[in-house]
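Position in the sequence shown (from 1) plus 1030 gives the number in the numbering used here. Ideal placement from N, C-alpha and C gives every residue a C-beta, glycine not left out. Please read these numbers as outputs of a predicted model, since none were measured by experiment.
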Amino acid sequence: MIGNEWDIVLKDIFDSEEFNIFMNNIYMDYENFDVYPKREDIFKAFELTDYSDVKIVILGQDPYHQRGQANGLAFSVNKGVKMPPSLRNIFKEIKEDLGIVNTNTDLTNWANQGILLLNTVLTVKDSKPKSYANTYWNKFTDKVISRVSKKGNIIFLLWGNDAINKSRLICENNYILTSTHPSPLSAYRGFLGCRHFSKANNILVDLNKDIIDWSTNENNN
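What follows is the structure, encoded as structure tokens:
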């Protein structure tokens, strides 16, 4: 399914009738509607960040719903695509927190370092935000969050109420950093100034793990 350890960790899910019926319906929607991200990128977050490599989880909601934006990683868009407002605020906080100026909107560099950039819903119809919000995707990603948390010593960055509500799935022997969502509607009510990026690195140091290079620019990839 994925081609790495996730196939073992999530085998019972991938083998289940419920999952396969749901995915068949998703693939039918790809035939009949404009659905994002590209079909081959639905599980990109899992392909780039293997289970044993996960150090940090950043939770998003559903993918960007305009053509050409969503690329399978939460908050990320392909290079050359106009920077979405939430990502702009994430980069603004990184600059204030760590002095890093990011211009590349593709967050693959983060995924390659052990950051699972997980949307809680993995598909969206064109111009219809939350079009799959009340579907099996929530059950699927809830199980993912729960199983990642069982590893222990994972840092969860939960931004906004929807993400914070997922803290119920996380075991106690992990680290949870919360704030408002980085969208323009709420960023100034707690996200900007949260310093989650330096805090996460400080935790990684305490855990004797490699810190994250929060740069996304190509010369660091």
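Could you give the distance in angstroms between the alpha-carbon of residue i and the alpha-carbon of residue j?
i	j	result
E1077	V1039	13 angstroms
I986	I1032	Any property of residue 986 remains undetermined from this structure, which presents the chain solely from 1031 to 1251.
N1250	L1128	Interpretation of N1250 is limited by its pLDDT of 49, a score under 50 that renders its predicted location unreliable; the figure taken from the coordinates is listed afterwards. One C-alpha to the other measures close to 15 angstroms.
K1160	Y1057	17 angstroms
I1241	N1062	44 angstroms
R1069	N1191	28 angstroms
V1065	H1095	8 angstroms
L1103	S1082	18 angstroms
I1088	N1050	26 angstroms
N1195	N1164	15 angstroms
S1179	L1199	8 angstroms
K1041	P1114	35 angstroms
I1233	N1139	20 angstroms
N1054	K1173	20 angstroms
E1126	R1225	8 angstroms
R1177	K1169	12 angstroms
P1212	D1037	32 angstroms
N1238	K1158	43 angstroms
Quick test of your reading: residue i and residue j, contact by CB under 8 angstroms. State the CB separation rounded to the nearest angstrom.
i	j	result
L1207	L1187	5 angstroms
CB of residue i to nearest heavy atom of the ligand SAH: below 7 angstroms?
i	result
C1201	The model on display carries no ligand, and the ligand SAH is accordingly not part of it.
Of all the options the options, which has the alpha carbon lying nearest to the alpha carbon of residue i?
i	options	result
T1150	D1071, P1067, P1093, G1223	P1093
R1219	W1189, I1241, D1236, N1164	W1189
C1201	S1213, A1193, E1123, I1175	I1175
D1236	Y1205, E1126, S1213	Y1205
F1073	D1045, W1167, E1126, N1055	W1167
Can the beta-carbon of residue i be found closer than 8 angstroms to that of residue j?
i	j	result
I1086	S1245	no
P1067	N1119	no
N1134	E1248	yes
R1097	D1156	yes
S1106	L1137	yes
I1124	F1052	no
G1223	N1203	no
V1184	T1079	Note on residue identity: the sequence assigns Ile, not Val, to residue 1184. Result no, Cβ atoms of I1184 and T1079 do not sit closer than 8 angstroms.
Q1099	V1111	yes
N1132	F1121	yes
A1230	A1141	no
Q1143	D1243	yes
Once the 5 residues before and after residue i are set aside, which same chain residues still bring their CB inside 6 angstroms of it?
i	result
Y1162	V1151, T1153
Spatial neighbours of residue i within its chain, please: C-beta separation below 7 angstroms, excluding the five flanking residues on both sides.
i	result
Q1091	N1149, T1150, V1151, D1192
E1035	D1080, Y1081, S1082
T1171	L1148, T1150
Suppose the cutoff is 8 angstroms on Cβ atoms and the five residues either side in sequence are ignored; what does the same chain contact list for residue i look like?
i	result
T1210	W1189, G1190, S1216, A1217, R1219, G1220, F1221
S1197	F1186, L1188, I1206, T1208
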